[in-house]
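Report on the structure given below.
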Amino acid sequence: MHDRTSAHPSPGRHRQRRPHSQPNPDLDHPAHRDWDGGQKARAAHLDLLEPGWLVLYGPYHRRFYAIARTAAVTEPLVQATTIDGLRTLMRESESEAAAGMMGARAQRGRAA
1 MHDRTSAHPS PGRHRQRRPH SQPNPDLDHP AHRDWDGGQK ARAAHLDLLE PGWLVLYGPY
61 HRRFYAIART AAVTEPLVQA TTIDGLRTLM RESESEAAAG MMGARAQRGR AA
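Here the sequence shown is numbered in the UniProt record's numbering, starting from 1 and rising by one per residue.
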């Protein structure tokens, strides 16, 4: 048992004279894990296939996100829980925008 009046208190983990502990990279520590690596890889692959979109995976919400790199879409940001669902939303946004442009052209053609 330590006497509280002693001149040298026992060195605790957070005392100044004690060296800081260093993380061991060999340990499977949560800070070193690659959370949802497969989903990140799928997002990176789809990003390569879709030049008109920036595709990301958010591990906190576990969702895929696509941000349009062009104004020719109805929804500039789409999100889904699956990569297939994201692709569907991307195609829908592009299709709706294309249909809207075709309708606007047809109306201009009738007015002329």
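Note that the Cβ used here is the ideal one computed from N, Cα and C, for glycine as well.
In this text, all values refer to a predicted model and were calculated from it rather than measured experimentally.
{"Item": "Gly52 - DSSP class collapsed to helix/strand/coil", "Value": "coil"}
{"Item": "Backbone CA spacing between Leu46 and Thr88 [nearest angstrom]", "Value": "12 Å"}
{"Item": "Per-residue DSSP class, three states only, for Arg63", "Value": "strand"}
{"Item": "Collapsed DSSP secondary structure at Ala44 in the structure displayed", "Value": "helix"}
{"Item": "Of the listed residues Tyr60, Trp53, Ile67, nearest to Trp35 (C-alpha basis)", "Value": "Tyr60"}
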